[in-house]
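Undergrad: Here it is: the structure, laid out below.
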Amino acid sequence: FSLLTLMPTMAFGAETPLLPELMQEELLFLQEETVSIAAMHEQPISEAPSNVYVITQEDIRHSGATDIPTLLRRIPGMEVIQMSGADFNVSARGDNQPAANKLLVLIDGRSVYEDTLGLVYWKALPITLPEIAKIEVLKGPASALYGFNAFDGVINIITKSPDDYQGTIVQFGGGEFGTISAAAVNAAKYGDFGYRLSLGRDQNQQWRNRDTLAFRSHKLNLHTQYRTTPDSMISLSGGFVDVNRFDGFVTSVVTEASTLKNGYVNALFKMNDFSIRGSYTRWEPTSLETINPLLSSFLVLADRHGDPEQELRRNQYDLEAQHALNFGSHDKLTYGINFRHNTASSNFLQGSPHENRLGFYVQNEWQP
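Rendered as structure tokens:
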């Protein structure tokens, strides 16, 4: 079940005549959903050159879901597997597996895929359900535009802009296995400046022992934007998730204790058909794991100093730019470039491995 409390701000001014209720419903029905996931630019969903599905904020509010993977179960062709009280795996077209790595997940166009381990921490994403405007899902290969891990598709989680929403939302939800989900979102706009601030807390118990905690997280997310001109905008956002209990993955070892921290900073500039983005993401998972009790007398998991706790520190730096050219009203050329630098360090790894990735794409769209 879920309880949603809305506290919208109110504006007073000259009265405007209201459309008849029937006419409002007809206009709402005639408004076609627009998507940007298929062609890297906004377009009506009927013109999208791929199989695209949209979960709207109305769908989210009426679903009663307490997490994003549960929302994705409603999409035909999507596979959602919950491996434990804290671990989800999501993929498409029958290609799911533990640590699924062939589906690209974005939040407002920023990748949240964890390269080092090759997975997505679905329950540790730094957003809450009330601040999501819609979720666009592209089912099918999209690596030509998005890169290597978009083999099965792309999911872009789009959050609410201060331009579209001002006010306060407080939401509570719960369910079996001790599931508790709470979130508060506040957004406001002052002239050309706007912000959105959210706080969240989620927790649930283990499947095998309902008296033991499987997952608990605290979230903080801040999005700010400033319109420099009617056609340009600067945005700065950042967030942090502290998971002080993570019931690990289903593996051949026993996870006695596990935690996770995830933080990011994102800067974006958009002007007409040009955009440039820079972001930094840091992951800090730790785990204390033991071998199967039948083998514990013969094998021990530990680093070279005998410490059994595994610590991983991963940093991700992204820089990407995109531009579009219009040739008349029927031809649109979109091209972009992206660069990623990854670093990792761990007491279970020798040295500090790093990698650089460079990609570019060109797409031409012509409509008669």
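For what it's worth, the working numbering labels the leading residue of the sequence shown as 6, then goes sequentially.
The beta-carbon is built from N, C-alpha and C at its ideal position, and this holds for glycine as well.
Computed from a predicted model, the values in this text were never measured in an experiment.
1. Run through DSSP, which three-state label would L33 get?
2. In whole angstroms, what is the alpha-carbon distance linking A91 and F251?
3. Shorter than 8 angstroms, the distance from the beta carbon of Q208 to the closest heavy atom of the ligand HEM, or not?
4. Using the rule of at least 16 other Cβ atoms within 10 Å of the residue's Cβ for burial, across every protein chain shown, is G69 buried or exposed?
5. Can you give me the Cβ contacts of T233 inside the same chain, cut-off strictly under 7 angstroms, excluding the 5 residues immediately before and after it?
6. With A149 as the anchor, note down where its alpha helix (DSSP H) starts and where it stops.
7. I'd like to know if the region 95-102 and the region 206-222 are in contact, where contact means that at least 3 CB-CB pairs between them fall below 8 angstroms.
8. Does the beta-carbon distance from P135 to V190 come in below 9 angstroms?
9. Under 6 angstroms Cβ to Cβ from F34, same chain only, skipping five residues before and after it: list those, please.
10. Rounded to whole angstroms, what's the CA-CA distance from V246 to I73? Just pull it up for me.
11. Are the beta-carbon atoms belonging to L111 and V117 less than 9 angstroms from one another?
12. When you compare each of S350, T39, D168 to Y231 by their alpha carbons, which one comes out closest?
13. Reducing DSSP to helix, strand and coil, say where D64 ends up.
14. Since N343 and L324 should fall inside the 8 angstroms C-beta cutoff, what is the C-beta to C-beta distance between them, to a whole number of angstroms?
15. Under a three-way DSSP split, which group does L8 fall into?
16. Are at least three pairs of beta-carbons, each pair with one atom in the region 181-188 and one in the region 143-161, less than 8 angstroms apart?
17. What is the rounded straight-line gap between the Cα of M276 and the Cα of E47?
18. Quick one, which of L143, F198, D120 has its alpha-carbon nearest Y58's?
19. With burial defined as no fewer than 16 other Cβ atoms inside 10 Å of the residue's Cβ, what is the status of H359: buried or exposed?
20. Could you check what DSSP says for A138 in three-state terms: helix, strand or coil?
21. What do you get for Q327, buried or exposed, if any count of 16 or more other CB atoms within 10 angstroms of its CB means buried?
TA: Taking the coordinates as given:
1. Annotation note: pLDDT 49 at L33 (below 50); position unreliable, coordinate value reported separately. Three-state result, L33: helix.
2. The straight-line gap from Cα to Cα measures roughly 6 angstroms.
3. Among the components modelled here there is no ligand, and therefore nothing to report on the ligand HEM.
4. exposed
5. Here the set comprises I239.
6. 148-151
7. no
8. Annotated as proximal: P135 and V190, with beta-carbon spacing under 9 angstroms.
9. Legend: pLDDT at F34 = 48, less than 50; position of this residue unreliable, no value from coordinates given.
10. Cα to Cα, V246 sits roughly 15 angstroms from I73.
11. yes
12. D168
13. helix
14. 7 angstroms between Cβ atoms; contact.
15. For L8, the pLDDT reaches just 48, beneath the cut-off of 50, and the residue's location in the model is therefore unreliable, leaving the point undetermined.
16. no
17. 14 angstroms
18. L143
19. exposed
20. strand
21. buried
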